[in-house]
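Here the structure is laid out as structure tokens; the discussion comes afterwards.
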Amino acid sequence: MKNRELDILLVEDDAADTSLILNTLKKVNICNGTHVLADGSEILDFLLRKGSYTGQAPLPVEVLILLSLNLTGMHGLDVLRKLKSDERTRSLPIIIMTSSQEERGVMQSYQLG
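For the sequence shown, the positions run 1 to 113 when this note's numbering is used.
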């Protein structure tokens, strides 16, 4: 990636966690191009330019998704499953975030890519 900033899509429904993550990114000078989405279905609309995002400019190629595993509504694993099954979003790098000690969700995340 030459002279381009990475857009970060933060998908987190907990306000305290969102604030902590944004402060951490800012502290290490990684805060440009950060979009915060609080819902799993919203990220799908955002990435695929559907719903309230219809007609907006396409996203740049350089996108990193920070995805909370435990979202209200659509669970993070369901979001991951949908993103990895769609050709348009399959190759996007996704980092799963969780405070859960449940190994099953972590293993499923790895299996989904």
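Think of the CB as a built atom: it goes at the ideal place given N, C-alpha and C, for glycine as much as any other residue.
None of these values were measured; they are calculated from a predicted model.
- Where S19 is concerned, the enclosing alpha helix (DSSP H) starts and stops at 15-27.
- Rounded to the nearest angstrom, the gap between the Cα atoms of R49 and V36 is 15 Å.
- Spatial neighbours of L6 in its own chain (CB-CB distance under 6 Å, excluding positions within 5 residues in sequence) are listed in chain order as E62, L64.
- Rounded to the nearest whole angstrom, the CA to CA distance from I95 to L69 is 10 Å.
- Looking at S52, S109, F46, the one whose alpha-carbon comes closest to that of T89 is F46.
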